[in-house]
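Take the sequence shown: its position 63, counting from 1, is numbered 67 in my numbering, and each next residue is one higher. A virtual CB, placed ideally from N, CA and C, is assigned to each residue, including glycine. Note that this is a predicted model, so its numbers are computed, not measured.
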Amino acid sequence: MSHDVYVASSHRNPHLDEVHADLRAVGISTFDFRQHGPWWQSIAEADKADLATFIETPEAIRVFDENRRAILVAQVVLVIRPCGISTALEAGWAAGSGKPVLVWGDGREGESLDTMWRFVLAQTRLHGGRIFAKDQPFDAVIDHLELKFRLGKAG
């Protein structure tokens with residue numbers, strides 16, 4: 005499993021298909037976490053969303069391990085907002101592991117701006133990560149990634 009970018013977001017984000025297509029169109033390979041579908045829904049409903057039980061199910065362990073490996077082999081983690089807590093956890097772990105993290109997109113209605121994203125920004129700036137302003141088009145992200153890969157595989 006090799007790819008340039010791990011795209012992190014919510015399963016409900018309406019921009020994901022376009023993001024993957026736009027990146028792949030310029031030769032940037034991506035990992036799509038949605039390949040598993042909404043696998044957690046039946047487990048969460050059956051266990052009444054008990055976190056301790058849920059995260060120990062074989063399916064949760066398998067999906068976690070696969071996504072963790074995908075983050076480790078990616079050159080960059082790209083967060084597409086709106087997103088949820090899973091995405092924030094992935095971004096924080098990736099930044100702490102030395103991965104550049106890029107954050108793009110606008111939050112959903114009612115989603116608060118969280119100052120804790122500064123943890124990600126502070127750690128990932130050392131590795132070329134950044135948070136894009138909400139009015140910047142996705143082309144700015146593509147340009148940033150193309151330059152990063154042209155200059156030496158996102159290091």
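Do you know offhand how far Arg154's Cα is from Gly31's? 11 Å
Would you call the segment 96-104 in contact with the segment 122-135, where contact means no fewer than 3 C-beta pairs closer than 8 Å? yes
Own chain, CB closer than 7 Å to Phe123, minus 5 neighbours either side, in chain order: Excluding sequence neighbours, Phe123 sits near Gly96.
Is it buried or exposed, Lys138, if we count other Cβ atoms within 10 angstroms and call 16 or more buried? The residue is exposed, with fewer than 16 neighbouring Cβ atoms inside 10 Å.
Taking the alpha helix (DSSP H) that Ala92 falls in, what are its first and last residues? Run containing Ala92: Ile89 to Gly100, per the alpha helix (DSSP H) assignment.
Please confirm whether Ile59 has its beta-carbon closer than 8 Å to some beta-carbon of chain B. In the structure shown, chain B does not exist; there is a single protein chain.
Rounded to whole angstroms, what is the Cα-Cα separation between Thr119 and Ile65? Using only the alpha carbons, I get a separation of about 30 Å.
Hey, quick one: how far does the alpha helix (DSSP H) through Val30 stretch, first residue to last? Premise fails: Val30 is in no alpha helix (DSSP H) and is neither H nor E.
Proximal residues to His24 (C-beta, below 7 Å), its chain only, five neighbours per side dropped: Taken in chain order, the residues that qualify are Val11, Thr34 and Asp36.
DSSP state of Ala12, grouped into three classes? strand
Using a Cβ-Cβ cutoff of less than 7 Å, which residues in the same chain neighbour Ser14 once the five nearest sequence positions on both sides are dropped? Pro86, Cys87, Gly88 and Thr91
What does the Cβ neighbour count give for Leu2, buried or exposed, with the cut at 16 atoms within 10 Å? Lying outside 5 to 159, the shown extent of the chain, residue 2 is not represented and no answer is given.
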